[in-house]
Amino acid sequence: MKDGNGVKKPERAGRHPARRVALQTLFEIDFNRGDPKDTWTRGAFRAGLTEEAGDFAWELVEGVLANRKQLDAEIAALAPEWPIDQMAKIDKNVLRIALFELRISGDAPAGVIIDEAVELAKLFGSEAAPKFVNGVLATAVGGRSGGAD
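Take the sequence shown: its letters are residues 1 to 149, numbered as in the numbering used here.
Printed below as a string of structure tokens:
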């Protein structure tokens, strides 16, 4: 399957590891300001991503980086009680990826994107992260929620 930009999208099973690599890449970039392409390449190699999944992960990384100001402004509006500069880097990057997919690039249904974001928050975030991510994204899509516990 190809998106509007001609990038071949991985099957659904390949998207979860691709999102995981995108999250890890963005998290690492936030800490050490390394080269995004090098950071992504290492992560994709370690994860053993297929070519399609690797391309999808890079599309997410590149898209989030290119739209970071817009995404952060939306996160700040959706979660006004949590200043974005004080938000956990994992939570912030999970939200950036999900909002990028929801608003700019995604061809997956909103519920799937939210569920994937919640799963990433469960895997990498604090105990409160899944509920926080689910709430912010549910607000973003007009009250529909994904699968947080």
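The beta carbon of each residue, even a glycine, is placed where N, CA and C say it ideally should be.
Measuring CB to CB, does residue i end up less than 9 Å from residue j?
| i | j | result |
| --- | --- | --- |
| N71 | L95 | Strictly speaking, residue 71 in this sequence is Leu, with Asn absent from that position. Contact flag set, yes. |
| L23 | N93 | yes |
| F31 | K122 | no |
| D91 | A129 | yes |
| H16 | E101 | no |
By how many angstroms is the C-alpha of residue j removed from the C-alpha of residue i?
| i | j | result |
| --- | --- | --- |
| D55 | V112 | 19 Å |
| P109 | I97 | 14 Å |
| E62 | G43 | 14 Å |
| A77 | Q86 | 14 Å |
| K69 | T50 | 30 Å |
| I75 | F45 | 30 Å |
| R103 | D38 | 26 Å |
| G142 | A18 | 26 Å |
| V118 | A79 | 16 Å |
| N67 | A73 | 10 Å |
| E127 | D107 | 29 Å |
When DSSP labels each residue in this structure, what does residue i get in the three-state scheme?
| i | result |
| --- | --- |
| P109 | coil |
| A53 | helix |
| V141 | coil |
| R33 | coil |
| E62 | helix |
| A128 | coil |
| G151 | Any property of residue 151 remains undetermined from this structure, which presents the chain solely from 1 to 149. |
| G48 | coil |
| K2 | Residue confidence is low: K2 scores 44 on pLDDT, short of 50, so the model does not pin down where it sits. Its coordinate-derived value is still stated next. Three-state result, K2: strand. |
Report the residue from the options whose alpha carbon sits nearest the alpha carbon of residue i.
| i | options | result |
| --- | --- | --- |
| V133 | R20, G34, I114 and K69 | I114 |
| W58 | L120, G135, A128 and S105 | S105 |
| F27 | V64, A128, A73 and E119 | V64 |
| V21 | N67, I84, P83 and F124 | F124 |
| A140 | L99, E127 and G14 | L99 |
| W82 | A53, G135 and R33 | G135 |
With 9 Å set as the bound, which would you pick, yes or no: does the beta-carbon of residue i sit closer than that to a beta-carbon of chain C?
| i | result |
| --- | --- |
| G135 | No chain C appears in this structure, which consists of one protein chain only. |
Checklist entry - Quick one: complete alpha helix (DSSP H) runs, 4+ long, within the stretch 65-101? => result Along the length of the stretch 65-101, whole alpha helix (DSSP H) runs at least 4 residues long occupy 68-78 and 89-100, reported in chain order.
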